[in-house]
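To convert, count from 1 in the sequence shown and add 7; that's our numbering.
Ideal Cβ positions, reconstructed from N, Cα and C, are used throughout, including at glycine.
Computed from a predicted model, the values in this text were never measured in an experiment.
As structure tokens, the structure follows; a few thoughts come after it.
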Amino acid sequence: MIYIGLDLGEKTVGIARSDSGIIAHSVTTYRFYTNHYDDAFEYVKKYVIENDVDVVVIGYPKHMNNDIGIRAQISIDFKEKLEKELQVEAVLWDERLSTKTAKMHMISAGLSRKKQQNKKDELAAQVILQNYLDFKGDN
């Protein structure tokens, strides 16, 4: 099975992938105009089709108190659209602290601030996907 993880932001979507269902790796960051989620959706849709993706894990940005806001609703809408248009399994996964974790990994790897800025979304997607795979593997 092929899994991808998405970190959906206001202007970017980070993408990570796992072919084994065990290890996730970062793929790319797609940039789009602020809040133009249709552009992001078309990019992800093309990726899913071209790569025969089975499962899409979408970061679900809940607040620390478990409330959901507008960003979480955008993730819900993105998930529903993927399921409807592609008949692919889509999963929402708690993304709290994923960007912070990704930044910590980049700092410990000695990446420059510029490289950190360019890689943070795809690495956050990797953290989201890896957390999902680890949970799935434990259950």
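So, helix, strand or coil for residue i, using DSSP?
i    : result
G16  : coil
Y40  : coil
V60  : coil
I22  : strand
G97  : Gly is not the amino acid found at residue 97; the sequence shown has Ala there. A97 falls in the strand class under three-state DSSP.
I11  : strand
S33  : strand
D74  : coil
S82  : helix
G144 : helix
Under 9 Å, do residue i and residue j count as touching if we go by C-beta distance?
i    : j    : result
V20  : Y50  : yes
G28  : G144 : yes
A132 : A47  : no
V98  : I56  : no
Y10  : L89  : no
E129 : T41  : no
E102 : Y54  : no
S25  : L93  : no
Classify residue i as buried or exposed, calling it buried when 16 or more other Cβ atoms lie within 10 Å of its own Cβ.
i   : result
F85 : buried
E87 : exposed
K91 : exposed
D14 : buried
Just list the residues that DSSP pairs residue i with in beta bridges.
i   : result
Y67 : D101
Comparing alpha-carbon positions, which option in the options lies nearest residue i?
i    : options       : result
N138 : I75, D74, A31 : A31
M8   : K18, D59, K52 : D59
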